[in-house]
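The sequence shown: position 58 = 59 (the working numbering), numbered continuously.
Reviewing the structure listed below.
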Amino acid sequence: MDQSQLPEPFAYLARLADGKATLDQAAALTRALENVPELQRWLKAQRGRVVSELRENHSREEIGARINCKPQRVSDIAGGHSRQPGPRRTVKPES
């Protein structure tokens, strides 16, 4: 993927790869990569907040059509649920 293919919200990151390769550039790209999980958590939290607020004036179907998901997923997002499986719970046998 070249710089022109970066998704719109992240196109500004292309400047990290501009110009001649430098140690500072390598370090900046490394920091950006290391922070991707934190960015994903923040984006999910903000999306949940926005979707939750939108539910006051918009249907699940309307929101789902705009964010390309099913109405049930809209409810899940608004409720803070993730598609990622959580840690497995082990059930201890009864004594």
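Quick reminder that beta carbons are idealized off the backbone N, C-alpha and C, glycines included.
Proximity winner among Asn-58, Asn-69, Arg-32, Trp-43, relative to Gly-81 (alpha-carbon distances): Trp-43
Unbroken alpha helix (DSSP H) run spanning Arg-16, endpoints: Careful: Arg-16 lies outside any alpha helix (DSSP H) and carries neither H nor E.
For Pro-10, the nearest candidate out of Ala-28, Ala-22, Leu-40, Asp-25 (CA to CA): Leu-40
Neighbour-count burial assignment, Ile-64, 16 or more Cβ in a 10 Å radius: buried
Beta-carbon spacing of Leu-24, Ala-15 below 8 Å: no
Integer Cβ distance of Arg-56 from Ala-79, believed to fall under 8 Å: 6 Å
Spatial neighbours of Val-75 in its chain, beta-carbon cut-off 7 Å, leaving aside the 5 residues before and after: Val-52, Arg-61, Ile-64, Gly-65
Runs of beta strand (DSSP E) wholly within the stretch 51-91 (minimum 3 residues, chain order): none
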